[in-house]
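This report concerns only the one structure given below.
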Amino acid sequence: MAFKKHSVLPGFNLALGYTLLYLSIIVLLPLSALVLKSTGLTAEAFWHAVSEPRVVASYKVTFGASLIAATINLITGLLISWVLVRYSFPGKRFIDALVDLPFALPTAVAGIALATIYAPNGSIGQWFEPLGIKVAFSPIGIVLALTFITLPFVVRTVQPVLQDLEPELEEAASSLGATRLQIFWKVILPTLLPALLTGFALAFARAIGEYGSVIFIAGNMPYVSEITPLMIISKLEQYDYLGATAIAVVMLVVSFTLLLLINGLQWWSAKRMGRR
Amino acid sequence: MSRLLAAVLAAFIAVPAFADVTLLNVSYDVMRDFYKDYNPAFAKYYDAKFKDKVTLQQSHGGSSKQARSVIDGLEADVVTMNQSTDIDAIVEKGKQINAGWEKRLPNEAAPFSSLQVLIVRKGNPKGIKDWNDLTKPGVQVIVPNPKTSGNGRYTYLAAWGYALKQAGGTDAKARQFVTDVFKNVPVLDAGGRGATTTFMQRQIGDVLVTFENEAEMIAREFGRGGFEVVYPSVSIDADLPVAVVDKVVDKKGTRKAAEEYLKYLWSPEGQEIAAQNYLRPRDPAVAAKYAKQFPNVKLFGVSDFGGLQKAQKVHFDDGGVYDQIAASIAKK
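As given, the protein sequences belong to chains U and S, one line each in that order. Using our numbering, you'd call the opening residue of the first sequence number 11 and step up by one each time. Using our numbering, you'd call the opening residue of the second sequence number 2 and step up by one each time.
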């Protein structure tokens with residue numbers, strides 16, 4: 011459909027050409043420079059750089075924590091956007107604006123603030139300390155920081171879709187005898203699923219690359235709470251540009267594969283809904 | 002309003018026009034306070050001697066990160082670092098500084114030095130007196146990450162050197178000793194300032210190991226009441242080297258001013274400002290004057306490790322001794 015010769019909408023060639031050019035300059039050029047630089051390593055050296063036990067441990071921390079953070083935001087994000095769209099209450103605009111704050115705040119500020127609050131002597135951390143739970147300076151702290159940073163994504167992708175979802179649909183379902191749970195599972199959730207997945211993917215991708223906030227709260231203990239971006243930084247500290255690029259390429263490939271997968275899932279779920 | 006804006010803009014643009022020479026000094030984190038005092042003093046001296054105005058700009062950050070910026074093209078006229086390896090890296094990777102820089106100024110081009118001290122909580126509740134107290138069970142030690150911080154690397158080498166200097170000290174014993182110290186480290190911050198924050202603000206740990214001059218910065222920042230400085234029986238002499246960035250000064254034509262700027266660090270006034278900032282001066286007269294604030298500590302140099310460059314390769318590069326130690330701690 012998109013490639014029909016005489017589209018009703020004019021300007022296809024120009025628009026696509028511009029899109030490709032723009033993406034090439036802004037996205038593809040620096041990324042291909044990255045990949046190109048990593049070819050300065052022999053295959054063996056490349057493998058050695060990316061498969062060191064310490065680096066492998068950091069992959070687990072980064073991707074694991076990002077997955078948990080994105081999942082938490084998938085659920086809470088749905089809840090928040092539901093509250094913001096479906097109910098009206100005093101201070102709603104204020105809360106709506108609050109959601110975007112993690113975007114605006116410098117990530118380092120977020121990290122330092124979280125570390126201060128959740129440190130063993132912090133206002134919240136002190137209550138966890140007697141229970142033997144270390145929030146800051148442990149992997150829990152990493153999840154916390156990533157959850158904070160990626161909060162807006164799911165909310166902002168689900169909100170407009172939810173706004174377009176007419177209450178009449180639910181009323182119709184209800185008048186046909188559906189229970190509330192059935193309405194949620196069969197009417198609301200399928201409609202929101204593509205948006206939810208997009209939000210999840212964005213949150214996940216953002217979390218993988220996050221450095222500024224995590225570094226202050228992670229504690230950075232080798233094999234326990236070191237994130238992959240820190241491994242890249244520590245390679246750079248040794249002027250090992252190639253090693254750093256090698257790890258970056260691994261992150262790039264894994265992230266891209268995961269995003270492709272999620273996009274595919276989204277496409278599939280949208281198609282199942284009967285639209286393109 | 003717009004006229005005001007224009008006036009403000011004009012003022013900003015006009016400032017460099019007054020100055021005949023502008024120098025950019027790329028330095029590391031904890032030197033901020035020193036150069037804040039030194040720069041005006043030098044500008045005054047330069048103006049009086051050469052009838053020439055000089056404007057000084059500062060850039061601060063982690064030592065290695067700053068060196069990398071210079072390699073990547075930041076146009077620094079001079080670099081003032083906390084490790085000679087950072088300047089060596091500029092020589093090797095960026096080629097902006099000519100080899101032999103450490104011979105062009107006295108004292109291997111390090112106008113002052115510092116050493117690693119132990120900072121403990123008020124009253125020293127854990128009774129920490131020397132390096133071996135850091136290995137005791139139940140003592141938490143705050144050190145910045147040796148992988149990312151020069152400060153952390155000096156601490157690691159100081160502990161290693163201490164163990165080596167004990168009766169019957171061997172490399173194997175030193176390695177075990179350093180392992181035991183790092184076993185007691187609960188948080189590894191990326192840099193020296195981060196470690197200070199962890200210790201002072203978050204109140205984590207029983208002892209912070211850092212530069213002597215950082216201890217003074219802590220006192221100025223957090224007050225003198227909250228901590229005590231413990232001088233260990235032996236410590237490492239941390240030379241803080243400086244160099245002119247040849248490629249940049251030749252291109253900008255600022256060589257004369259840049260060289261004067263560094264040379265003046267060795268002048269009595271420069272040395273005095275250093276001492277006031279708790280950097281150990283080279284000038285014997287200044288050192289004598291400030292002797293009270295610099296207790297005598299037996300020092301060993303990085304030459305015991307075959308120089309910083311070799312120490313970096315053996316201990317801190319990927320797969321080096323520190324990595325093996327970190328791995329052995331994590332497995333337990």
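For each residue, glycine too, the CB sits at the ideal point set by N, CA and C.
{"query": "Bridge-paired residues (DSSP) for SER234 of chain S", "result": "Per DSSP, none; premise fails for SER234 of chain S."}
{"query": "Cutoff 9 Å: ILE72 of chain S Cβ touching any chain U Cβ", "result": "yes"}
{"query": "Contact check, ALA129 of chain U vs ALA114 of chain U, beta carbons under 9 Å", "result": "no"}
{"query": "For VAL260 of chain U and VAL60 of chain U, believed in contact at Cβ under 8 Å, the rounded distance", "result": "5 Å"}
{"query": "First and last residue of the uninterrupted alpha helix (DSSP H) at ALA182 of chain U", "result": "177 to 185"}
{"query": "DSSP state of TYR233 of chain U mapped onto helix, strand, coil", "result": "coil"}
{"query": "Proximal chain U residues relative to ASN108 of chain S, where beta-carbon distance stays under 9 Å", "result": "Correct list: empty, because the minimum Cβ distance to chain U is about 26 Å."}
{"query": "Within chain S, partners of TYR249 of chain U - CB distance below 9 Å", "result": "SER65, ALA68, ARG69, ILE72, ALA90, GLU93 and LYS94"}
{"query": "Chain S contact for TYR233 of chain U (CB, 9 Å cutoff)", "result": "yes"}
{"query": "Cutoff 9 Å: PRO116 of chain U Cβ touching any chain S Cβ", "result": "no"}
{"query": "At least three beta-carbon pairs within less than 8 Å, the segment 226 to 244 of chain S to the segment 148 to 160 of chain S", "result": "yes"}
{"query": "Spatially closest choice to ALA68 of chain S from S:GLY169, S:VAL246 and S:VAL208, by CA coordinates", "result": "S:VAL246"}
{"query": "Cβ pair count under 8 Å reaching 3, the segment 58 to 74 of chain U against the segment 120 to 138 of chain U", "result": "no"}
{"query": "Beta carbon proximity, TRP277 of chain U to chain S, threshold 9 Å", "result": "no"}
{"query": "Contacts around ASP207 of chain S, its chain only, beta-carbon distance under 6 Å, and the 5 residues preceding and following it disregarded", "result": "LYS127, VAL140 and GLN141"}
{"query": "Residues near LYS158 of chain U by beta carbon distance below 8 Å, same chain, minus five either side", "result": "First, the amino acid is wrong: residue 158 of chain U is Phe here, not Lys. The answer, listed in chain order, is PRO112, ALA120, LEU124 and SER223."}
{"query": "Closer than 9 Å at the beta carbon, the chain U residues around GLN204 of chain S", "result": "ALA129, PRO130 and ASN131"}
{"query": "Cβ of VAL250 of chain S within 9 Å of any chain U Cβ", "result": "no"}
{"query": "Option in S:LEU209, S:GLY192 and S:GLN204 with minimal Cα separation from VAL182 of chain S", "result": "S:LEU209"}
{"query": "Rounded straight-line distance, which links the Cα of ILE36 of chain U to that of ASN23 of chain U", "result": "20 Å"}
{"query": "Length at least 3, wholly inside the segment 114 to 181 of chain S: the beta strand (DSSP E) runs in chain order", "result": "142 to 145"}
{"query": "Residues that HIS61 of chain S bridges to, as DSSP identifies them", "result": "S:SER28"}
{"query": "Touch test, the segment 254 to 267 of chain S against the segment 94 to 102 of chain S, Cβ-Cβ under 8 Å, three pairs minimum", "result": "no"}
{"query": "Alpha-carbon spacing of PRO232 of chain U relative to ASN278 of chain S, whole angstroms", "result": "34 Å"}
{"query": "Residues that DSSP places opposite ARG225 of chain S in a beta bridge", "result": "ARG225 of chain S pairs with nothing; no bridge assigned."}
{"query": "Neighbour flag for PHE223 of chain S against chain U, beta carbons, 9 Å", "result": "no"}
{"query": "Proximity below 9 Å, CB of ALA239 of chain S to CB of PHE200 of chain S", "result": "no"}
{"query": "Contacting residues, own chain, Cβ-Cβ under 7 Å from PHE56 of chain U (five flanking each side not counted)", "result": "SER48 and ALA256"}
{"query": "Short-range partners of chain U found in the segment 139 to 153 of chain S, where Cβ spacing is below 9 Å", "result": "ASN146, LYS148, THR149 and SER150"}
{"query": "Given VAL45 of chain U as reference, the closest of U:TYR251, U:PRO100, U:LYS281 and U:LEU161 once Cα atoms are compared", "result": "U:TYR251"}
{"query": "For ARG281 of chain S, the three-state DSSP class (helix, strand or coil)", "result": "strand"}
{"query": "Alpha-carbon to alpha-carbon, LYS52 of chain S and MET32 of chain S", "result": "28 Å"}
{"query": "Short CB-CB distance (under 9 Å) between VAL315 of chain S and chain U", "result": "no"}
{"query": "Proximity winner among S:LYS184, S:ARG176, S:SER114 and S:MET218, relative to TRP267 of chain S (alpha-carbon distances)", "result": "S:SER114"}
{"query": "Endpoints, the beta strand (DSSP E) within which ALA244 of chain S is located", "result": "243 to 245"}
{"query": "Closest Cα partner of GLY209 of chain U within the set U:ASN273, U:LEU31, U:PHE266 and U:PHE138", "result": "U:ASN273"}
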